[in-house]
Amino acid sequence: MFRYIKLLFLPTIILIGLNSFYIVNEFQQAIVLQFGKPISSKRDAGLAFKLPFLQNVIKFDKRILEWDGDATEIPTKGMLDKRGSASALQKEKQETTNIFIDTFARWRISDPLKFYISVNNERQAQSRLDGILDGKIRDKIAPQYIDDIVVNSDQIMQEALDAITIEFESLDIGIEVIGIEIKRLTFNDKIMPQVFDRMASEQEAEAAKFEGQGKAKRSEILGIIDREVDLIISTANKDAKLIEGVADSSAAASYAIAYKKDPEFYELWKTFDVLPEAMGSKSVFWLSTQNYPNSNIFGIRPDALK
């Protein structure tokens, strides 16, 4: 009889034991419900106790979760030109330019008990995130120019994240948004041709600016080169004249020494040197063989030819 009672109660004891403990791994956090009402939470991994059959456990992911919203059409202040002012036509008409912003965010369940009480599950949490994140992103994007959105996207998204953090702290629903980024920015199909035309004209203006700067720099470099060339040529001419003067002086000294050694030869050489200039092409003159080469060719002494 005792044996049958033992066999009857053993499965019951095992079942009670299995329902008295639960395990939370490193990637999980849990809350304990009693009669359907949350009474406690457990965020650390390990083995925990609960009342069997009276309490049950719901587990949530402790890892960072993804939010990927739909692309949202947001009106902006339009585009700036390169001078940093709004388009004149747009400024007069106060028109807006719509763009499509596709963003993504990372969030986590910071308090599972508050999370369960406020939003119950991740699907409901995604819906809350859709409304809050889209609204805050719109608030930060709408007052901006498209140029600023592209250039200062990190700063704008940080401002949006700060506003979202404040919002969730005030709601106190156990959700923490860690980061938010722009995944894609596109234009409305109606304004795409205008955007491309604007971009092309701005690039042409930028190219013309660089071309003008290049030409100015070229002129400056050529001017420097010309001045340096003139300086080099002037210095070279000065040095050449100095060398030429020294050479002429040295040559004259050498000639004087040579002429002093043979004065008669010098007189003859000087005579032949001046004859082509003194006589015309059809002139006729006689040289005496008796006193050559000391003949008085021009009726004066040979020393006058020196």
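Mind the numbering: the sequence shown is residues 63 to 368 in our numbering, read in order. We put the CB at the ideal spot given by N, CA and C, even for glycine.
Cβ shell of Glu-243 (< 7 Å), same chain only, five flanking positions each side left out
Thr-165, Phe-166 and Met-219
For the beta strand (DSSP E) containing Ser-82, name the first residue and the last one.
Neither: Ser-82 is in no beta strand (DSSP E) and is coded neither H nor E.
Measure the alpha-carbon distance for Arg-168 versus Lys-121 and round it to whole angstroms.
20 Å
Determine the closest residue to Asp-196 out of Glu-221, Thr-248, Gly-131 and Leu-233, with distance taken between C-alpha atoms.
Gly-131
Any chain C beta carbon closer than 7 Å to Asn-183
Among the chains of the structure shown, chain C does not appear; only one protein chain is present.
Under the three-state reduction of DSSP, which class applies to Gln-160: helix, strand or coil?
In the sequence as displayed, the identity of residue 160 is Asn instead of Gln. Looking at Asn-160 - three-state DSSP - the assignment turns out to be strand.
Please classify Phe-83: is it buried, with 16 or more other beta-carbons within 10 angstroms of its beta-carbon, or exposed?
exposed
Looking at Phe-230 and Ile-240, is the spacing between their C-beta atoms short of 7 Å?
No, the Cβ-Cβ distance between Ile-240 and Phe-230 is not below 7 Å.
DSSP beta-bridge partners of Thr-248:
Phe-162
Cα separation between Glu-88 and Ser-189?
The straight-line gap separating the alpha-carbon atoms of Glu-88 and Ser-189 is approximately 27 Å.
For Asp-192 and Met-141, which I take to be in contact (beta-carbon distance under 8 Å), what is that distance rounded to the nearest angstrom?
Contact flag wrong, Cβ pair sits at about 29 Å.
In this structure, how does DSSP classify Glu-128 when only helix, strand and coil are distinguished?
strand
Can you tell me which of Ala-315, Tyr-178, Gln-217 and Ala-302 puts its alpha carbon nearest to the alpha carbon of Lys-104?
Tyr-178
Alpha carbon to alpha carbon, how far is Glu-154 from Lys-139?
Confidence in Glu-154 is poor, its pLDDT being 45 and thus under 50, which makes the residue's placement too unreliable to answer from.
Closest residue to Asp-173 among Ile-161, Ala-110 and Pro-100 (Cα-Cα distance)
Pro-100
Taking the alpha carbon of Ser-215 as the point to measure from, which residue in Ile-226, Asp-224, Ile-203 and Ala-225 has its own alpha carbon closest?
Ile-203
By the three-class DSSP mapping on this structure, what secondary structure does Leu-142 have?
strand
Can you grab the Cα-Cα spacing for the pair Gly-307 / Gln-275, in whole Å?
48 Å
What's the gap between the Cα of Ile-199 and the Cα of Thr-227?
12 Å
Minimum C-alpha distance to Glu-128 - residue among Ile-171, Gly-285, Ala-110 and Thr-158
Ile-171
Starting from the C-beta of Leu-223, find all residues in its chain whose C-beta is less than 8 Å away, skip the five residues before and the five after it, and write them out in chain order.
Excluding residues within five positions, the ones whose Cβ falls inside 8 Å are Val-239, Gly-241 and Ile-242.
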